[in-house]
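Residue numbers (our numbering): 46 to 178.
Even glycine gets a Cβ: it sits at the ideal position worked out from N, Cα and C.
Because the structure is a prediction, the values reported are computed rather than measured.
Take a look at the structure set out below.
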Amino acid sequence: MSTTTTTPPHPKRIAQIVRLKPSSIQAYKACHAAVWPTVLAQIKDSNISDYSIFLDERSLTLFATFKWTGTDWEADMRRMRENEEVRRWWEMTDGMQESFNEGAVGSLGADGDGDGDGDGGWWVGLEEVFRLE
C-alpha cells in the first residue's frame, strides 16, 4: 500500500482480522487489559488512533479497526516494526493467534512489511463495503 501525501488526509479507516487460539482467550484479554506503555506510545507516534480489537468467541475471530491519519504509511509502519518493544509485543501476541493467510509467519508477515494490508501479513486486511458518516 503506497500512501504518501503532502497534506494530511482524512483519516483512513483500516479493518483487519486474525484467528485467536482457543487456549489463549484469557491470556489475550489479560495482556490487552495492560498494554505496555511503549507499545501504546509507538502506535500513537505512527499516526494510529481510535484503535479497537473485538473478539467473536464463537468463531475465535479477532477484528481490529483503527484510523490512520499520517502522510506516509510506509514510514509509519517502518517505525512501528523497528521498535524493539513492539516486536516483543508482536512475538508474544502472535503466539496466541493463527493467521487466515496461509504461510504467514507473524506480524512482520510473510512479506516482512508488518503493515497489515492483507498482502501476506499476519492480520488480513478487509475491504470496506459500506460506510455512513
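Length of the line joining the Cα atoms of Lys57 and Val150: In the sequence shown, the residue the question calls residue 57 occupies position 12. In the sequence shown, the residue the question calls residue 150 occupies position 105. Cα to Cα, Lys57 sits roughly 26 Å from Val150.
Proximity to Trp168 [Cα-Cα], best of Thr106, Ala78 and Lys74: Translated into positions along the sequence shown, residue 168 becomes position 123. Selected option, being the one with the closest Cα: Thr106.
Three-way DSSP call (helix, strand, coil) for Leu177 in this model: Taking the sequence shown and counting its residues from 1, the one referred to as residue 177 is at position 132. Correct three-state label for Leu177: coil.
Alpha carbon of Val131 to alpha carbon of Tyr96, nearest angstrom: Position 86 of the sequence shown holds residue 131. Position 51 of the sequence shown holds residue 96. Distance between the alpha carbons of Val131 and Tyr96: 16 Å.
Gln87, buried or exposed, once every other Cβ within 10 Å from all chains shown has been counted against 16: As a working mapping, residue 87 is identified with position 42 in the sequence shown. Gln87 comes out buried.
Rounded C-alpha distance that separates Val63 from Ala109: For this step, residue 63 is matched to residue 18 along the sequence shown. For this step, residue 109 is matched to residue 64 along the sequence shown. Going from the Cα of Val63 to the Cα of Ala109 covers about 9 Å.
Cβ neighbours of Met125 in the same chain (closer than 8 Å, five flanking residues each side left out): To locate residue 125, count along the sequence shown from 1; it is residue 80. The answer, listed in chain order, is Gln87, Ile88, Ser91, Val131 and Gly159.
Local Cβ density within 10 Å of Leu65, reported as buried at 16 or more and exposed below that: As a first step, residue 65 is located in the sequence shown; it is residue number 20 there, counting from the start. Counting Cβ neighbours within 10 Å, Leu65 comes out buried, since at least 16 surround it.
Spatial neighbours of Glu102 in its chain, beta-carbon cut-off 8 Å, leaving aside the 5 residues before and after: For the purposes of this step, residue 102 is taken as the residue at position 57 of the sequence shown. Only Ile70 meet the Cβ criterion.
Three-way DSSP call (helix, strand, coil) for His91 in this model: As a working note, residue 91 is residue 46 in the sequence shown. For the record, residue 91 in the displayed sequence is Ser; it is not His. Residue state, collapsed to three classes: coil.
Alpha carbon of Trp81 to alpha carbon of Ala120, nearest angstrom: As a position in the sequence shown, residue 81 is number 36, starting the count at 1. As a position in the sequence shown, residue 120 is number 75, starting the count at 1. Those two C-alpha atoms are separated by around 22 Å.
Below-8 Å beta-carbon distance, Ala120 vs any chain D residue: The structure shown has no chain D; it contains just one protein chain.
From Trp134, Gly170, Asn146 and Phe175, residue whose alpha carbon lies closest to that of His77: Walking along the sequence shown from the start, residue 77 turns up at place 32. Here the closest residue by C-alpha is Trp134.
Segment limits, beta strand (DSSP E) that includes Thr138: As a working note, residue 138 is residue 93 in the sequence shown. Note, Thr138: premise wrong, no beta strand (DSSP E); alpha helix (DSSP H) at Glu129 to Asp139.
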